[in-house]
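Structure record follows, encoded as structure tokens.
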Amino acid sequence: MSNTTGHEVSRAEYWQQRYEQGYTGWDMRGISPPLKAYFDQLKCRDLRILIPGAGNAYEAAYLHQAGFSEVYVLDFAEIPLRRFAEQQADFPAEHLVCADFFTWQAEPFDLVVEQTFFCAIDPARRTEYAQKTHRLLKAGGRLVGLLFDCEFKNGPPFSGSRAEYETLFAPYFDFATFETCHNSVGPRAGRELFINLIKK
6 MSNTTGHEVS
16 RAEYWQQRYE
26 QGYTGWDMRG
36 ISPPLKAYFD
46 QLKCRDLRIL
56 IPGAGNAYEA
66 AYLHQAGFSE
76 VYVLDFAEIP
86 LRRFAEQQAD
96 FPAEHLVCAD
106 FFTWQAEPFD
116 LVVEQTFFCA
126 IDPARRTEYA
136 QKTHRLLKAG
146 GRLVGLLFDC
156 EFKNGPPFSG
166 SRAEYETLFA
176 PYFDFATFET
186 CHNSVGPRAG
196 RELFINLIKK
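Each residue of the sequence shown is one higher than the last, beginning at 6 in the numbering used here.
This is the structure in structure tokens:
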């Protein structure tokens, strides 16, 4: 799967094949500790929350089990959504969406969660990602999650840097938190930024 092009990762078939073949090296088999810590301090259980490119959606399962009732899971590939539905039988089926993030339309959200989605899209579409996320959020809504601050030889995941992200998101968001993550899982320690960005 080396030397994958941006065009390839923009096709649903590419991701469907990776799940069929079990080629999912990004999968941590559980919720990301930094996101768990963030979720644990949220008080309102009625927040409209979107997790795009959610894959196996451990974050969605955690939020649902914690009583959050308006969690939406969006993915290009059907396989992880089907598996999630089987494992989380009481999760609302209408909140599982198989669609293209960039063309999908929905009522705005309070929170968009970023977890290994941004790094998987065509780097040429990163500005489009920032714009689309901005549109999907309510006034004062937040984009919260993790971004890789490191180089990758071949993608996905595709490389990124703090300086790039500052330039990319500044037109659309105020930066509440933008720092090296202190509680990443071992293999990602020192390579992730935790972001909490507020829609302008």
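Glycine included, every Cβ here is placed at the ideal spot set by N, Cα and C.
Counting C-beta atoms within 10 angstroms of its own C-beta, Asp-80 has 16 or more neighbours from the protein chains shown and is therefore classed as buried. Cβ neighbours of Pro-57 within its own chain (closer than 6 Å, five residues either side excluded): Leu-79, Phe-106, Phe-122. For Gln-46, no beta strand (DSSP E) run applies, since DSSP gives it neither H nor E.
Here the alpha carbon of Asp-179 sits roughly 24 Å from the alpha carbon of Phe-163. DSSP, reduced to helix, strand and coil, places Ile-84 within a helical segment of the structure shown.
For Ser-37, the closest alpha carbon among the candidates Leu-55, Thr-108, Leu-142, Ala-65 is that of Ala-65.
Excluding residues up to 5 positions away in sequence, Asp-154, Leu-198 lie with their Cβ nearer than 7 Å to the Cβ of Arg-167 in the same chain. Counted as a single uninterrupted DSSP element, the beta strand (DSSP E) harbouring Ala-144 occupies residues 142 to 153.
For Ala-181, the secondary structure class from DSSP, reduced to helix, strand or coil, is strand. The alpha helix (DSSP H) runs of length 4 or more contained entirely in the segment 65 to 121 are, from start to end of the chain, 83 to 92. Distance from the CA atom of Arg-87 to the CA atom of Thr-132, rounded to whole angstroms, is 30 Å.
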